[in-house]
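Student: Have a look at this one before I ask anything.
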Amino acid sequence: MKELSDEQLAVEMPKAFPALFPRHWMHSWGGGSALKGVFWCGKCDVKYDNADDMLAAGGFSGCPVPSDDPIVIDWNVAMMVFRAIDKHWAKKALVKIFVASKSNVGFGWWLMYIATPADYLRAALLAKGA
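One point on numbering: in the numbering used here, the residue at position 24 of the sequence shown is 214, and numbering is uninterrupted.
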């Protein structure tokens, strides 16, 4: 796995775990005119001539193009993602990151006091194989 910066990690997480970040997969109906009844998504260029067709097709959800808005990397997001993956592979990925950090403390100490939420998210990506 190539090393991602925190900024790149914040953009890549919704793409790797779409079910956990549904807001990033919503249509952006910013274009068009509601008065004229034309709706088009600014991300995927899908177009509907009236609101009924747009709502029947799923409304805001289901855009095939993810948003490039970064997520906030904090402990809540890290634990949400970490709980969604296989625990065995998640722990193995954390151990790999711990070994790569060349820390001079034990694994338990590193987990409690040194590891950051970004380390947990990197482990989730590593465990998923993304």
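Backbone N, C-alpha and C define an ideal beta-carbon position, used for all residues, glycine too.
By the 10 Å Cβ neighbour count, where 16 or more other Cβ atoms means buried, how is Arg312 classified, buried or exposed?
Tutor: Stepping through the sequence shown from its first residue, residue 312 is reached at position 122. Looking at its Cβ environment, which holds 16 or more other Cβ atoms inside 10 Å, Arg312 is buried.
Student: Where are the alpha helix (DSSP H) runs, 4 residues long or more, that stay fully inside the segment 212 to 266, in chain order?
Tutor: Within the segment 212 to 266, the complete alpha helix (DSSP H) runs of at least 4 residues are 241 to 246.
Student: Output the distance between the C-alpha atoms of Trp299 and Lys281, rounded to the nearest integer angstrom.
Tutor: Counting from one through the sequence shown, the residue named residue 299 turns up at place 109. Counting from one through the sequence shown, the residue named residue 281 turns up at place 91. Approximately 15 Å, taken between the alpha carbons.
Student: Please classify Met322 as buried or exposed, where buried requires at least 16 neighbouring CB atoms within 10 angstroms.
Tutor: Examination of residue 322 is not possible in this model, given that the chain is present from 191 through 320 alone.
Student: Using C-beta distances below 7 Å, list every residue in its chain close to Ala308, excluding the 5 sequence neighbours before and after it, in chain order.
Tutor: The residue labelled residue 308 in the question sits at position 118 within the sequence shown. The residues are Asp196, Leu199 and Ile263.
Student: With a Cβ-Cβ cutoff of 7 Å, do Cys253 and His217 count as a contact?
Tutor: For the purposes of this step, residue 253 is taken as the residue at position 63 of the sequence shown. For the purposes of this step, residue 217 is taken as the residue at position 27 of the sequence shown. Yes; because the gap between Cβ atoms is below 7 Å, this pair is in contact.
Student: Please work out which residues of its chain come closer than 6 Å, Cβ to Cβ, to Ser257, disregarding the five sequence neighbours upstream and downstream, and give them in chain order.
Tutor: Translated into positions along the sequence shown, residue 257 becomes position 67. Result list for Ser257: His214, in chain order.
Student: Would you report the Cα separation of Met191 and Asp243, rounded to the nearest angstrom?
Tutor: Numbered from its first residue, the sequence shown carries residue 191 at position 1. Numbered from its first residue, the sequence shown carries residue 243 at position 53. Legend: pLDDT at Met191 = 47, less than 50; position of this residue unreliable, value from coordinates given subsequently. When rounded, the distance between both Cα atoms is 42 Å.
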